[in-house]
Amino acid sequence: MEAMTSTIKGWIENPAKFARSHGISVSPASNVADPDEQIHILIVEGFLLYNYPPLMDVYNNCYYISIPYEECKRRRSTRQYTVPDPPGLFDGHVWPMYLKHRKEMEESCFNIKYLDGLKSKEEMYNQVYEDIQNTLLNRL
């Protein structure tokens, strides 16, 4: 987690330089004269990130995809792992740890926006995309 924190903070300091140093081409925004005025968006994924204090101050928007127990168990059972889950792993470990970390996250007082994991990927994408657009428009 420390390496990821360092990477994220490096991106925050200079997103364009960071992208170039990682082989990502950055095309200049044609209507922004000052490169420092450009908008850069970094998406960090992983539900445990909301429980990691060194990263708490870097998030602007937080999203959490939630699904009910039955759907989570069904999806987990369809995954193909190199080493298959032993019997009882989901009920004995996976789901209890999910609940534990979710409770910790909710107690952190973050402004988390919950997404319905039963919706299609496209619907969730559109919801987040619209929210980010609104956030950016409100900054102008």
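Per my numbering, the sequence shown starts with residue 17, numbered consecutively. Ideal Cβ placement from N, Cα and C applies to all residues, glycine included. As the structure is a computational prediction, the values presented were derived from the model and not from experiment.
Query: List the DSSP bridge partners of Y130.; Result: Y80
Query: Going by the CB atoms, is the gap between C78 and Y66 shorter than 8 Å?; Result: yes
Query: Using 8 Å as the cut-off, can you tell me whether the segment 140–154 makes contact with the segment 92–108, which would need three or more C-beta pairs spanning the two stretches below that distance?; Result: no
Query: Within 10 Å of its beta-carbon, does F34 have 16 or more other beta-carbons around it, so buried, or fewer, so exposed?; Result: buried
Query: Return helix, strand or coil for K135, following the three-state DSSP convention.; Result: coil
Query: C88: which of N76, P69, L115 and I24 sits nearest, CA to CA?; Result: L115
Query: Distance check for S82 and Y141, CA to CA, integer angstroms please.; Result: 14 Å
Query: What are the start and end residues of the alpha helix (DSSP H) that includes P120?; Result: Reading the sequence as shown, one finds Glu at residue 120 and not Pro. Start and end: W111 to E123.
Query: DSSP state of T98, grouped into three classes?; Result: coil
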